[in-house]
Ligand code: ADP
Ligand code: MG
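Residue numbers (my numbering): -6 to 640.
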């Protein structure tokens, strides 16, 4: 039974209730009074929805003011039932689903009791009907059934009939009167026609009590606080399932938002938007070969690259420069892919596995497009890299040749005297690599490709051996540096220039590309970061809006006994369901998405790494969405979200 002691409640300095004291027991109790007299305020205090007031309110000796939110959850699930003017049902759920709502917090749902209640209330035939298609009177009976499912000691009803016509209002009152035979029923109404002379009446006028019931039946209810009041994971998923089924549109929008935002973030983090301008350089490599990244360091040359005698326009001058020590400096540089000596050898004959081969003479300097097997020589032993075209004539695979000994014979020019003197050389070396020796040359604006079949590359010790045999004493050997990236190439060139060395290479072409790359990377970089941020904002906005649109729903859960921890678990199971769906959807539609991301951002998502990153990003966004929804849940104030009374 209830005991109200000197309760006052003020709103903005005005008394909604002024020093009210009374007791209320079993049976049907009416709280009546004109609109604004404080009836709803009193109900909120009695039910614990309003805990900020002066005075004391007790239910069976327990202070309602001091109920914790967990205790309130337990009370709303087991002790207090609420009947509202506008029913507060989940409109998209079926009658049965609504009636079973408080039961999700119990270990097993008592379907049989639900069926009995629906039959008693004459709505059994409507069990699987969506609530939104019912009439007001039917809805109120569903609400009553839901509250009776709690088997509560007290039913609190605020204007339960004011939205109903006269006939259904009477039926509803008859039901409540029937319930009051066993339980405490408190009904707020201003319709005095519904009151019979057996009922107890609490009459309020402008916040003051002007009549209280004469006699009250005092009973002491058994007030146990059962800790097993919890939402099991199984029930949370069951509730999620009916929510997804009934609110499929909402579910689809949130799931799609997660997926789309995940993909947009993926294009951001892939950095592959920058990679699409990287594609420009790859195109150039297709045309000019890997040798585009070569820096040739030579001891002397004729300026303006005038080796072909093209010296009319630019003054011809022989440049000599000291390149001593530079090979050793760059051989281990981290910007360098590899280095190679450009020693030309004429009339090459080689012997492998006892068989001699004559190598086609090309008259070009040794050329390497790329290494296709093994490594470049490291310098310590007599090592050699042979052209792939030669391996083809042997009829074995590149790998099979590696590690074999080769006898190398040829002739080398000695220019020490200023005149070329041809010297025969020979050595034995180990084959450590095979190179594609295609050269790309520009002739009258067109790039032509040809294979330089006599391109052999030696280790430093092998080369020293050869030059020793040719009695070359002059100047260090010319060599080439293959830079790892275009940017590395430019950086090495600049460094050489600073040291007074003029290297040879297609620097202008590469510099243009590097500049273009930098620009587009910066621009698309900003754009892609913006896209990433916007997609996160989109997820937050959608889940915040959905969350706040669900305030009424969350409030209905709360008055059914769910507290924040239960709702957080429900949020979690909903989010897990959405995340898994979004991930599956992304994986299934990835070939299609790939077309879009390729077209829009030049991003290929069809790699394991990209898809895994996509999965991870969707999961991360789901965490953001989880907390966004959690804010809406915590911010849901039951009494504000649910319209109470006739206000
Ligand atoms: P009743 O249910 O009898 O119509 P209420 O309890 O709703 O009356 O309201 C009593 C008085 O308190 C009214 O004057 C109303 O304007 C005021 N009131 C009620 N709730 C609030 C509130 N949340 N904020 C400010 N004033 C309120
Ligand atoms: Mg009211």
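For every residue, glycine included, the Cβ atom is placed at its ideal position computed from N, Cα and C. Source: prediction; values computed, not measured.
| Query | Result |
| --- | --- |
| Consult DSSP for residue 299 and reduce its assignment to one of helix, strand or coil. | Here residue 299 scores only 42 on pLDDT, less than 50, and its place in the model is too uncertain to base an answer on. |
| Going by DSSP in three states, residue 373 sits in which element: helix, strand or coil? | coil |
| For residue 17, which three-state DSSP category applies? | strand |
| Compare the Cα-Cα distances from residue 322 to each of 201, 474, 424 and report the closest residue. | 474 |
| DSSP state of residue 424, grouped into three classes? | strand |
| Just mark residue 460 as buried or exposed, buried being the case when its beta carbon has 16 or more other beta carbons within 10 Å. | buried |
| Between which residues of its own chain and residue 556 is the CB-CB distance below 8 Å, once the five residues before and five after are set aside? | 62, 63, 65, 66 |
| Please return the same chain residues whose Cβ sits closer than 6 Å to the Cβ of residue 69, not counting the five positions on each side in sequence. | 552, 554 |
| Taking Cβ to Cβ, would you say residue 96 is nearer than 9 Å to residue 166? | no |
| Out of 417, 173, 566, state which residue places its alpha-carbon closest to the alpha-carbon of residue 146. | 173 |
| What distance in whole Å lies between the Cβ atoms of residue 422 and residue 455, which are believed to be in contact at a cut-off of 8 Å? | 5 Å |
| With DSSP as the reference, please indicate the residues paired to residue 464 in a beta bridge. | DSSP, once it has assigned bridges, lists no residue as partnering residue 464. |
| Can you give me the Cβ contacts of residue 432 inside the same chain, cut-off strictly under 8 Å, excluding the 5 residues immediately before and after it? | 282, 284, 357, 360, 362, 442, 443, 444, 445 |
| List the DSSP bridge partners of residue 641. | The question about residue 641 has no answer, for the chain in this structure spans -6 to 640. |
| Return the CA-CA distance between residue 58 and residue 103, expressed in angstroms with no decimal places. | 32 Å |
| Helix, strand or coil for residue 325? Go by DSSP, reduced to three states. | coil |
| Below 8 Å CB to CB, which residues in the same chain sit around residue 168 once its five sequence neighbours on both sides are set aside? | 114, 134, 137 |
| Have a look at residue 148 and residue 533 and give me their C-alpha separation to the nearest angstrom. | 39 Å |
| Which residue's Cα is closest to the Cα of residue 353: 382, 24, 333, 332? | 382 |
| Would the beta-carbon of residue 43 fall within 9 Å of that of residue 632? | yes |
| Is it the case that the CB of residue 2 approaches a heavy atom of the ligand MG more closely than 8 Å? | no |
| Pull up the distance between the alpha-carbon of residue 476 and that of residue 465, whole angstroms please. | 29 Å |
| Excluding five sequence neighbours on each side, which residues of the same chain lie with their C-beta closer than 7 Å to the C-beta of residue 288? | 473, 474, 476, 482, 485, 486, 496, 498 |
| Mark residue 4 as exposed unless 16 or more other C-beta atoms lie within 10 angstroms of its C-beta, in which case mark it buried. | exposed |
| Using the DSSP secondary-structure output, state which residues sit across from residue 74 in a beta bridge. | 148 |
| Determine, using beta-carbon pairs with one atom in the segment 238 to 252 and one in the segment 508 to 524, whether at least three such pairs fall under 8 Å. | no |
| Among the residues of its own chain, which have a CB less than 7 Å from the CB of residue 156, if the five just before and after it don't count? | 78, 79, 129 |
| When the Cα atoms are used, what is the spatial distance from residue 592 to residue 617? | 29 Å |
| Could you pull out every residue in the same chain whose Cβ sits closer than 7 Å to the Cβ of residue 230, ignoring the five residues on either side in sequence? | 566 |
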